[in-house]
Amino acid sequence: MENVIEIREARLEDYEAIAYMNTESLGYEYPVEKTKKNLESLLEKSSQKLVVACVDDKVIGYIHASDYECTYRAAAKNVMAICVNKQYQGLGAGKKLLAAIEAWAKEDDSDIVRLVSSNYRTGAHEFYKRCGYIENKLQKNFSKDV
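Be aware that the sequence shown starts at -15, since it is given in the numbering used here, and climbs by one per residue.
Now the structure itself:
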């Protein structure tokens, strides 16, 4: 039988699955309890959208996007993270997750969905292009602990 992928709003109880995918699929080491705390905060904000993909009620992917507003362009939605469990990649979950954020953007009168992806994630880059996203510039990412 084919896996049926369902899309729904993220819930706090999804934190363990999200933490697992952050580590296993994205390579981000971050404590599970801190993931829970962050998720709880994000779910309370209308400027944030978290959606999960499920197969048989098991969370197998998620996307997190936020409002992106500035003085030099129209309002947009910014994909902060998108991830599908490695065992479920290639089944269409990623496309459905992006479509959920694109729908949110349209509902919220945003003109653009944007995302950034590390230069070494070449498979992800090809996926984004197949979904209609256009690579428009290379950037350096700077941060400072304060």
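From the three backbone atoms N, C-alpha and C, an ideal C-beta is built for every residue, glycine too.
Just reading off the beta strand (DSSP E) that Val56 is part of, what are its end residues? It is Tyr, not Val, that sits at residue 56 in the sequence shown. That residue, Tyr56, is in no beta strand (DSSP E); it is neither H nor E in DSSP.
Integer Cβ distance of Tyr4 from Leu23, believed to fall under 8 Å: Not a contact, Cβ separation roughly 13 Å.
According to DSSP, is Ser127 part of a helix, a strand, or is it coil? coil
So who's on the other strand from Val36, going by DSSP bridges? Arg(-8), Tyr46
Residue range of the alpha helix (DSSP H) that includes Val16: 16 to 27
Decide if Phe126 is buried, meaning its Cβ has at least 16 other Cβ atoms within 10 Å, or exposed. exposed
State buried or exposed for Met(-15), treating a residue as buried only when at least 16 other CB atoms are found within 10 Å of its CB. The predicted position of Met(-15) is uncertain, since its pLDDT is 47 and thus under 50; a value taken from the coordinates is nonetheless stated next. Per the 10 Å Cβ criterion, exposed.
Within the same chain, show all residues whose beta-carbon is closer than 8 Å to that of Gly76, passing over the 5 residues directly before and after it, in chain order. Ile(-11)
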